[in-house]
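Before any comments, here is the structure.
Numbering (full-length UniProt numbering), first residue to last: 1 to 379.
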């Protein structure tokens, strides 16, 4: 989902990171808790106390989000699914697997494990709040625990909405898959439901703006995200049955890694319609990927002495595939960005083709028109 994040270490062997938007939600949560939750509930305390307790509560909530995603990873591991990474971000978190669950049962159990974890954590926080209140602990602590209980409960309920990419959408996918015997039918049903639910949230968030109320604007943003993600979710199904070689552009224009940035811009980039280029070694082997946008970061006075292979993304950081790989799996895992990425098609360590976001879009549109998907013409 995310191309970059701040690394936070590993949990159970899974890399964990945080998108920069986590800082935004942490600040917003801390302000909400300090000013609108804790201060009205327990008046008369110094301001720093409210803010300290609020910050600790916000961190604990982010930890509960992480627990939600780690549970997905652990249950997925039971079904031999490897978790590539867990990323926390503005609207929660995401556990990214290297493959799809093998059966409807596995799909449903992996999806349900997250909301169940949130529900359990909510129950634990509620129990701790009750115990703290009976033992006479500070009402600031009781209020913070009660807020965590409520919020985790809401998180569990929200994630069970039958809308891709929420966990409830995964459950719906598994149910339809089980009933029809066709996973792609499940994917389509969950995507349609996601677009419907997301559209409903957008309407509910935008309508109050007509009356001068903007307090539900976040709901509209969440709905827009669900609609967008639901549309993206259906892409792998639209590419089923295709191989990488069916859509790749063969014999692409390459960037010689031993050239300087200045030489490459002058001899190749200025005369090419492309924005992203595979980088190859003197022996013709694939070594990485570079975009014009990345080359703008090289200072003008350094371009005549900076080699392309020092300014590019190395091969390990660039999406790559074999010509015979399934296109739906490759596209799902790589998610190339327009003007930033290409999927390098590599055979015997040499680039034999590339796939751009436009190539994938072309294949989807031809499928929608009931037309055969033919290999692109070089150039």
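Here a beta-carbon is modelled for each residue, glycine too, at the ideal position from N, C-alpha and C. Remember, it's a predicted structure, so these values are computed and weren't measured experimentally.
Would you decide whether residue i is buried or exposed? Buried here means 16 or more other CB atoms lie within 10 Å of its CB.
i	result
residue 283	exposed
residue 337	exposed
residue 104	buried
residue 255	buried
residue 50	buried
residue 368	exposed
residue 377	Only weak support is given to the placement of residue 377: the predicted model assigns it a pLDDT of 47, under 50, and the value that follows is read from those uncertain coordinates. Label assigned to residue 377: exposed.
residue 244	buried
residue 19	buried
residue 360	buried
residue 180	exposed
residue 28	exposed
residue 14	buried
residue 278	buried
residue 372	exposed
residue 58	buried
residue 229	buried
residue 78	exposed
residue 136	exposed
residue 267	exposed
residue 183	buried
residue 322	exposed
residue 348	exposed
residue 23	exposed
residue 115	buried
residue 9	exposed
Check each candidate in the options and name the one with the smallest Cα separation from residue i.
i	options	result
residue 246	354, 264, 64	354
residue 151	117, 183, 173	117
residue 168	179, 120, 191, 181	191
residue 204	223, 53, 253	223
residue 94	65, 82, 81	65
residue 328	364, 71, 347, 85	364
residue 316	346, 304, 129	346
residue 189	143, 173, 11	173
residue 220	230, 202, 207, 210	202
residue 91	25, 325, 73	25
residue 110	266, 159, 128, 139	159
residue 166	225, 206, 261	225
residue 281	258, 106, 274, 22	258
residue 107	330, 80, 37, 126	80
residue 326	276, 171, 241, 312	241
residue 74	62, 113, 39, 53	113
residue 5	69, 56, 86	86
residue 296	253, 261, 274, 138	261
residue 318	286, 206, 298	286
residue 83	54, 11, 21	11
residue 54	76, 71, 143	143
residue 357	370, 330, 200	330
residue 63	76, 170, 121	121
residue 384	210, 239, 61, 343	The structure shown does not extend to residue 384, since the chain spans only 1 to 379, so no value can be given for it.
In the DSSP assignment, find the alpha helix (DSSP H) that holds residue i and state where it starts and stops.
i	result
residue 289	Where residue 289 is concerned, there is no enclosing alpha helix (DSSP H), although the beta strand (DSSP E) it sits in stretches over 286-291.
residue 25	21-31
residue 264	261-267
Quick check on residue i: does DSSP put it in helix, strand or coil?
i	result
residue 88	strand
residue 249	strand
residue 136	coil
residue 160	coil
residue 112	helix
residue 8	strand
residue 365	helix
residue 79	coil
residue 171	helix
residue 205	helix
residue 321	strand
residue 313	strand
residue 96	strand
residue 278	strand
residue 183	helix
residue 307	strand
residue 192	helix
residue 256	strand
Quick one: give me the first and last residue of the beta strand (DSSP E) that residue i is part of.
i	result
residue 347	343-347
residue 17	14-18
residue 35	Element bounds for residue 35: n/a, residue is neither H nor E.
residue 350	350-355
Using 9 Å as the limit for Cβ to Cβ distance, is residue i near chain C?
i	result
residue 52	Annotation note: the requested chain C is absent from the structure, which comprises a single protein chain.
Would you call the segment 40-51 in contact with the segment 98-114, where contact means no fewer than 3 C-beta pairs closer than 8 Å? no
Would you call the segment 307-317 and the segment 285-294 in contact, with 3 or more CB pairs under 8 Å? yes
Just checking, does the segment 211-220 make contact with the segment 187-197 on the three C-beta pairs under 8 Å criterion? no
Taking contact to mean 3 or more Cβ pairs, one atom from each stretch, closer than 8 Å, check whether the segment 33-41 and the segment 131-151 are in contact. yes
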